[in-house]
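**Q**
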Amino acid sequence: AQRVTQPEKLLSVFKGAPVELKCNYSYSGSPELFWYVQYSRQRLQLLLRHISRESIKGFTADLNKGETSFHLKKPFAQEEDSAMYYCALSGPNYGGSQGNLIFGKGTKLSVKP
Amino acid sequence: GAVVSQHPSWVICKSGTSVKIECRSLDFQATTMFWYRQFPKQSLMLMATSNEGSKATYEQGVEKDKFLINHASLTLSTLTVTSAHPEDSSFYICSARGGLPHPYEQYFGPGTRLTVT
Chain E
10 AQRVTQPEKL
20 LSVFKGAPVE
30 LKCNYSYSGS
40 PELFWYVQYS
50 RQRLQLLLRH
60 ISRESIKGFT
70 ADLNKGETSF
80 HLKKPFAQEE
90 DSAMYYCALS
100 GPNYGGSQGN
110 LIFGKGTKLS
120 VKP
Chain R
62 GAVVSQHPSW
72 VICKSGTSVK
82 IECRSLDFQA
92 TTMFWYRQFP
102 KQSLMLMATS
112 NEGSKATYEQ
122 GVEKDKFLIN
132 HASLTLSTLT
142 VTSAHPEDSS
152 FYICSARGGL
162 PHPYEQYFGP
172 GTRLTVT
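Taken in sequence, the protein lines are chains E and R. The first sequence maps to residues 10 to 122 in this note's numbering. The second sequence maps to residues 62 to 178 in this note's numbering.
Structural data, given as structure tokens:
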């Protein structure tokens with residue numbers, strides 16, 4: 010079954026500390042993995058996708074197929090990083106007629122001053 | 062670019078009535094639109110996928126006669142919750158695909174909070 014698991018509902022860190030939001034997935038095939046972010050009172054927006062292998066706002070995520078993980082990391086957290094983070098996956102035909110996204114339950118990141 | 066709007070942002074209706082939610086792509090033509098439902102403190106669950114001019118594809122467990130989706134144009138999709146009941150109270154979010162710079166990306170609307178009394 011296709012599934013995305015984010016084990017932490019809430020992650021609280023101090024400003025300047027490293028942060029890692031965990032994401033594990035279950036998928037029979039080669040999925041595309043994404044991280045979405047939702048800041049307070051704002052809409053969901055894409056943070057990064059694994060095929061781009063890019064760093065956005067200092068965040069990176071590496072797809073580990075052996076561990077079926079796609080953890081989101083940032084070496085030095087900032088207060089403005091406080092938000093809800095969702096890990097999501099799609100089948101390889103993401104750009105096709107369906108392109109469905111399966112979301113994890115999300116992790117709320119709170120960065121304290 | 063790639064802005065998606067929803068209307069209304071929140072609505073309260075009485076049990077048994079129907080309510081329509083609009084999803085618009087403001088500055089691009091959306092080849093595909095998706096409707097999600099989000100319960101409090103839970104994740105987004107895909108309800109259906111709609112392509113302009115064709116019938117929506119519903120996810121397993123979603124009643125197509127209860128959640129009517131119409132994607133009449135490349136910039137508008139509507140979700141009508143028919144004969145609403147309190148258990149239909151939820152946050153409904155749409156997304157649209159076809160915008161730039163990433164045409165395969167899903168751009169999300171701000172959501173509509175539905176409360177059925």
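For every residue, glycine included, the Cβ atom is placed at its ideal position computed from N, Cα and C.
Let me know the beta strand (DSSP E) ranges lying completely inside the stretch 141-172 of chain R, each 3 residues or longer, listed in chain order.
**A** 151-158 and 167-169
**Q** Please name the residue, chosen from E:Ser61, E:Val22 and E:Leu42, that lies closest to Gly100 of chain E on a Cα-to-Cα basis.
**A** One-based indexing of the first sequence puts residue 100 of chain E at position 91. If we check each option's Cα against that of Gly100 of chain E, E:Leu42 comes out closest.
**Q** May I ask which residues mark the beginning and end of the beta strand (DSSP E) holding Ser70 of chain R?
**A** Counting from 1 along the second sequence, the entry for residue 70 of chain R is found at position 9. Premise fails: Ser70 of chain R is in no beta strand (DSSP E) and is neither H nor E.
**Q** Compare the C-alpha of Cys155 of chain R against each of R:Ile130, R:Asp149 and R:His163 and name the closest.
**A** Taking the second sequence and counting its residues from 1, the one referred to as residue 155 of chain R is at position 94. Among R:Ile130, R:Asp149 and R:His163, the Cα nearest to that of Cys155 of chain R is on R:Ile130.
**Q** Going by Cα to Cα distance, which pick from E:Lys18, E:Ala92, E:Pro84 and E:His59 is closest to Ser78 of chain E?
**A** In the first sequence, residue 78 of chain E corresponds to position 69, counting from 1. Taking only the C-alpha atoms, the option nearest Ser78 of chain E is E:His59.
**Q** Just to make sure I have the definition right: I need the residues of chain R whose C-beta is within less than 9 Å of the C-beta of Lys114 of chain E. Which are they?
**A** Here residue 114 of chain E is taken as the residue at index 105 of the first sequence, counted from 1. Ordered by position in chain R, the residues that pass the 9 Å Cβ test against Lys114 of chain E are Lys102, Gln103 and Ser104.
**Q** Can you find a C-beta in chain R that's less than 8 Å from the C-beta of Arg62 of chain E?
**A** Reading the first sequence from its first residue, position 53 is the one you call residue 62 of chain E. Not one beta carbon of chain R lies nearer than 8 Å to the beta carbon of Arg62 of chain E.
**Q** By alpha-carbon positions, which one of E:Phe23, E:Glu76 and E:Lys31 ends up nearest to Thr69 of chain E?
**A** Position 60 of the first sequence, counted from the start, is the residue given in the question as residue 69 of chain E. Minimum Cα distance to Thr69 of chain E is reached at E:Lys31.
**Q** Rounded to whole angstroms, what's the CA-CA distance from Ile111 of chain E to Arg12 of chain E? Just pull it up for me.
**A** For this step, residue 111 of chain E is matched to residue 102 along the first sequence. For this step, residue 12 of chain E is matched to residue 3 along the first sequence. Approximately 7 Å, taken between the alpha carbons.
**Q** Could one say the Cβ of Gln90 of chain R lies closer than 8 Å to chain E's Cβ atoms, at least one of them?
**A** Counted from its first residue, the second sequence places residue 90 of chain R at position 29. It does not: the Cβ of Gln90 of chain R has no partner Cβ on chain E nearer than 8 Å.
**Q** Hey, Glu29 of chain E and Leu81 of chain E are a contact pair by Cβ (cut 8 Å); roughly how many whole angstroms apart?
**A** As a working mapping, residue 29 of chain E is identified with position 20 in the first sequence. As a working mapping, residue 81 of chain E is identified with position 72 in the first sequence. The Cβ separation is near 7 Å, so the contact holds.
**Q** On the premise that Thr139 of chain R lies in contact with Ile82 of chain R, defined as a C-beta separation below 8 Å, what is that separation, rounded to the nearest angstrom?
**A** For the purposes of this step, residue 82 of chain R is taken as residue 21 along the second sequence, with counting starting at 1. For the purposes of this step, residue 139 of chain R is taken as residue 78 along the second sequence, with counting starting at 1. Their Cβ separation, rounded to whole angstroms, is 7 Å, which keeps Ile82 of chain R and Thr139 of chain R in contact under 8 Å.
**Q** Are the C-beta of Pro162 of chain R and some C-beta of chain E separated by less than 8 Å?
**A** Within the second sequence, residue 162 of chain R is the residue found at index 101, counting from 1. No, its Cβ sits nowhere closer than 8 Å to a Cβ of chain E.
**Q** On a Cα-Cα basis, can you pick out the residue from E:Leu98, E:Asp90, E:Ala10 and E:Leu72 that is closest to Lys121 of chain E?
**A** In the first sequence, the residue the question calls residue 121 of chain E occupies position 112. Considering only alpha carbons, the answer is E:Asp90.
**Q** Please report the residue range of the beta strand (DSSP E) in which Ala133 of chain R lies.
**A** To locate residue 133 of chain R, count along the second sequence from 1; it is residue 72. Per DSSP, Ala133 of chain R belongs to the beta strand (DSSP E) from Phe128 to Ser134.
**Q** Can you confirm whether Ser106 of chain E, when its beta carbon is compared against all beta carbons of chain R, has any partner nearer than 8 Å?
**A** Taking the first sequence and counting its residues from 1, one reaches residue 106 of chain E at position 97. Model confidence at Ser106 of chain E stands at a pLDDT of 49, short of 50, so the residue's coordinates are unreliable; what they give is reported in the following sentence. At least one chain R Cβ lies under 8 Å of Ser106 of chain E.
**Q** Note down, in chain order, every chain R residue with its Cβ under 7 Å from the Cβ of Leu55 of chain E.
**A** By one-based count along the first sequence, residue 55 of chain E stands at place 46. The answer, in chain order, is Glu166.
**Q** Flag Arg12 of chain E as yes if its beta-carbon sits less than 8 Å from any beta-carbon of chain R, otherwise no.
**A** As a working note, residue 12 of chain E is residue 3 in the first sequence. Taking Cβ atoms only, chain R never reaches closer than 8 Å to Arg12 of chain E, which makes this a no.
**Q** Assuming contact is defined by CB atoms lying nearer than 8 Å, are Tyr153 of chain R and Thr178 of chain R in contact in what I supplied?
**A** Residue numbering aside, residue 153 of chain R sits at position 92 when the second sequence is read from its first letter. Residue numbering aside, residue 178 of chain R sits at position 117 when the second sequence is read from its first letter. Tyr153 of chain R places its beta carbon 8 Å or farther from that of Thr178 of chain R.
**Q** Would you tell me roughly how many angstroms separate the C-alpha atoms of Glu166 of chain R and Asp88 of chain R, rounded to the nearest one?
**A** Position 105 of the second sequence, counted from the start, is the residue given in the question as residue 166 of chain R. Position 27 of the second sequence, counted from the start, is the residue given in the question as residue 88 of chain R. So the two alpha carbons sit approximately 15 Å from each other.
**Q** Tell me the residue span of the beta strand (DSSP E) that contains Ala97 of chain E.
**A** Start at 1 with the first residue of the first sequence, and residue 97 of chain E comes out as number 88. Ala92 to Ser99 is the extent of the beta strand (DSSP E) around Ala97 of chain E.
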